[in-house]
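> Input: one structure, supplied below.
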Amino acid sequence: MNVKPDFSKGRNMAETAPAFLSIWNMESYYGESYIVQNISFNVHEGEILALLGRNGAGKTSTLRSIARMDDPQVTHGEIWLDHQPLHTMRSHEAAAVGIGLVPEDRCIIPGLTVEENLQLAQIAPPVGWSIQRLYELFPRLGERRKQEGVTLSGGEQQMLAIARALARDIKVLLLDEPYEGLAPVIVDEIEKTLRIIKEQGITTIIVEQNAVRALELADRAVILDTGGIVFDGSAEEVLENEELRAEYLAI
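Counting from 6, one number per residue, gives the positions in the sequence shown under this note's numbering.
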């Protein structure tokens, strides 16, 4: 008899280990369709976590649930950030306590220059990195500070979206498909930046279809399949486990 392998070693770590960000038994839905079903995992301070899975597995929904966006709706469970209950907050309140979401479409504001996009992020406290510090992190943005943000290249827009998140005083950076459509040399540059951000103690969750690149960057990985967690463990373990990758990541 063929027995399907169990890759869920370490699952539900929120029940056994202290964490900076904890998701407990969370369920989310769009309309009448459940997308995320009873998931629990931890992310530790300063850690990079790769949140992986096939299309439709619930990765983006999980990020949006953590950021307390209006969709999807979270109907059950708890989300805690540094002892603060995110699950009781609206999106602007979650942003104020340290959640920074960089969505897949980047949401660069038309009609505003690079610098104006950054200034707008700092209108209300808490203010994060100074604009000058952001230009040191992303020299290309400094060179294009007076250029309209939406006219930047795809890679430069991704840099601007990350810089705009850092312009706030964030504790957790949520990245949805940051490498999409970018040349490998630009991905290298963004990964270098993410390592610098990690050195500053900022926690990062990255959702990325380029799973190998994400795993090479990450400390740990959580893999979703049809809205549930099928693996929670080290990124190295996923890279070394061909059967796991083939089963849930098709790589």
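Yeah, the Cβ is synthetic: ideal placement off N, Cα and C, and Gly gets one too. Source: prediction; values computed, not measured.
Below 8 Å CB to CB, which residues in the same chain sit around Pro90 once its five sequence neighbours on both sides are set aside?
Glu83 and Ile84
> Between the segment 195 to 210 and the segment 173 to 184, do three or more beta carbon pairs fall short of 8 Å?
With a cut-off of 8 Å, the segment 173 to 184 and the segment 195 to 210 count as touching, because enough Cβ pairs lie within range.
> In whole angstroms, what is the alpha-carbon distance linking Tyr184 and Gly58?
16 Å
> Between Leu123 and the rest of its own chain, which residues show a CB-CB distance below 7 Å, the 5 nearest in sequence each way excluded?
Ile136, Leu139, Ala168, Arg169 and Ala172
> Going by CA-CA distance only, name the one from Ile201, Leu117, Gly160 and Ala166 that's closest to Pro189.
Gly160
> Please state if the CB of Gly116 and the CB of Asp174 are separated by a distance shorter than 8 Å.
no
> Can you check the segment 59 to 129 for any beta strand (DSSP E) of at least 3 residues that lies completely inside it and give the ranges in chain order?
78 to 86 and 104 to 107
> How would you write the range of the beta strand (DSSP E) that Arg225 sits in, first residue to last?
Arg225 to Asp230
> If I follow the unbroken beta strand (DSSP E) through Gln42, where does it start and stop?
Ser38 to Val48
> Helix, strand or coil: how does DSSP classify Leu180 here?
strand
> Should Ile228 and Tyr253 be called a contact, given that it needs their Cβ atoms to be closer than 8 Å?
yes
> In or out: Glu141 buried (at least 16 other Cβ within 10 Å) or exposed?
exposed
> By how many angstroms is the C-alpha of Gly133 removed from the C-alpha of Ala101?
11 Å
> So what does DSSP say about Ala219, is it helix, strand or coil?
helix
> Would you give the residue range spanned by the beta strand (DSSP E) that Val212 belongs to?
Thr208 to Val212
> Classify Lys197: buried if its beta carbon has 16 or more other beta carbons within 10 angstroms, exposed otherwise.
exposed
> Quick one: grab the DSSP three-state call for Glu32.
strand
> Could you spell out the range, first to last residue, of the alpha helix (DSSP H) harbouring Ala24?
From DSSP, Ala24 is part of no alpha helix (DSSP H); its letter is neither H nor E.
> Give the straight-line distance between the Cα atoms of Ala326 and Gln78, rounded to the nearest whole angstrom.
With the chain represented from 6 up to 256, any question about residue 326 goes unanswered, as that position is not in the structure.
> Thinking just about the alpha-carbon of each residue, which of Ser45, Ile40 and Gly36 is nearest to the one in Gly238?
Ser45
> Got a sec? Which residues, its chain only, sit under 8 Å from Met94 by beta carbon, not counting five neighbours each side?
Arg73 and Val102
> Taking the continuous alpha helix (DSSP H) assigned at Ile202, which residues delimit it?
Pro189 to Glu204
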